[in-house]
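Numbering-wise, the sequence shown is residues 212 to 314 according to our numbering.
Beta carbons are placed, not taken as given, at the ideal position from N, Cα and C, and that holds for glycine.
Note that this is a predicted model, so its numbers are computed, not measured.
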Amino acid sequence: ADKVRNGPGGGLDEKRGRVFFRQMLYAMSYLHSCNVVHRDVKTENFLLLGESGTPHGDIIKLCDFGTAVVLSPQQPRAMEKIGTLSYTAPEVYARKGATVRAD
Numbered sequence: 212a213d214k215v216r217n218g219p220g221g222g223l224d225e226k227r228g229r230v231f232f233r234q235m236l237y238a239m240s241y242l243h244s245c246n247v248v249h250r251d252v253k254t255e256n257f258l259l260l261g262e263s264g265t266p267h268g269d270i271i272k273l274c275d276f277g278t279a280v281v282l283s284p285q286q287p288r289a290m291e292k293i294g295t296l297s298y299t300a301p302e303v304y305a306r307k308g309a310t311v312r313a314d
């Protein structure tokens with residue numbers, strides 16, 4: 212948070228924001244391509260690593276896989292109500308289970 216707050220202009224500029232958001236989407240896309248449902252996606256579970264002066268710049272990493280589940284043909288949905296309440300998908304509340312779309 213300090214890296215973002217102390218950035219140019221006192222916040223996150225649009226260009227860096229797009230880079231970070233793209234990295235977040237790539238992380239989710241990779242998980243979903245492996246049939247993994249994180250089930251607790253929220254900003255607090257993305258870490259900002261690296262230094263701005265390094266060759267690759269800052270990197271976003273997804274963490275906290277304690278609620279993640281791998282789906283299979285035998286288990287096409289995760290039925291447990293789990294994760295952070297205010298970030299939970301409506302289908303999980305409706306007891307329809309979570310697929311990768313719930314993330």
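Contact check, D269 vs L258, beta carbons under 8 Å: Contact annotation: D269 and L258 have beta-carbon atoms that are not nearer than 8 Å.
field: Burial state of L296 (16 or more Cβ within 10 Å)
entry: With fewer than 16 Cβ atoms within 10 Å of its Cβ, L296 is classed as exposed.
field: For K272: DSSP bridge partner residues
entry: Beta-bridge partners of K272 (DSSP): L258.
- prompt: Among G221, V311 and R229, which one has its Cα closest to the Cα of L282?
  reply: L282 has its Cα closest to that of V311, out of G221, V311 and R229.
task: Please confirm if the stretch 221-241 is in contact with the stretch 274-292, defined as three or more CB-CB distances below 8 Å between the two stretches.
output: Too few Cβ pairs lie closer than 8 Å, so no.
Distance between M290 and K307 (C-alpha atoms, nearest Å): Their backbone Cα atoms lie some 7 Å apart in a straight line.
- request: Classify A305 as buried or exposed, calling it buried when 16 or more other Cβ atoms lie within 10 Å of its own Cβ.
  value: By the neighbour-count rule (16 or more Cβ atoms within 10 Å), A305 is not buried but exposed.
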